[in-house]
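Notes follow the structure.
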Amino acid sequence: MARLEGAYDQINLRLGNLEGEVRALRTELNARMDRLEGRIDRLEARIDRLSFLLLALFGGVAASIIATIVARVA
Numbered sequence: 006m007a008r009l010e011g012a013y014d015q016i017n018l019r020l021g022n023l024e025g026e027v028r029a030l031r032t033e034l035n036a037r038m039d040r041l042e043g044r045i046d047r048l049e050a051r052i053d054r055l056s057f058l059l060l061a062l063f064g065g066v067a068a069s070i071i072a073t074i075v076a077r078v079a
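FYI, the working numbering numbers position 57 of the sequence shown as 62, with every residue one higher than the one before it.
So this is what it looks like as structure tokens:
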């Protein structure tokens, strides 16, 4: 009986250690996910700014082309 109790205590100790390691991994994973989400947010903001600038650039080019065509036709 004592051997079974000793084995149970060892198993219980190992499970406790594993639970601690899993908790630490979850904490690390959550921290990495937070950093990744922050990076994604910054990239999305940069893409939005670049999209706006490209839209403005193409709008300016289109306006210039239209103005040139109108000037030649008139």
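Cβ atoms here follow ideal geometry from the backbone N, Cα and C, with glycine treated the same way.
Three-way DSSP call (helix, strand, coil) for residue i in this model
i     : result
Met38 : helix
Ala79 : coil
Length of the line joining the Cα atoms of residue i and residue j
i     : j     : result
Glu10 : Arg19 : 14 Å
Ile16 : Thr32 : 24 Å
Val66 : Asp39 : 41 Å
Arg47 : Asp53 : 10 Å
Arg84 : Glu42 : Lying before the first or after the last residue shown, residue 84 is absent from the chain, which here runs from 6 to 79.
Leu30 : Asp14 : 24 Å
Arg77 : Glu49 : 42 Å
Gly21 : Val27 : 10 Å
Ser56 : Ile70 : 21 Å
Same chain only: Cβ atoms within 8 Å of residue i, ignoring 5 sequence neighbours per side
i     : result
Ile45 : none
Contacting residues, own chain, Cβ-Cβ under 6 Å from residue i (five flanking each side not counted)
i    : result
Met6 : none
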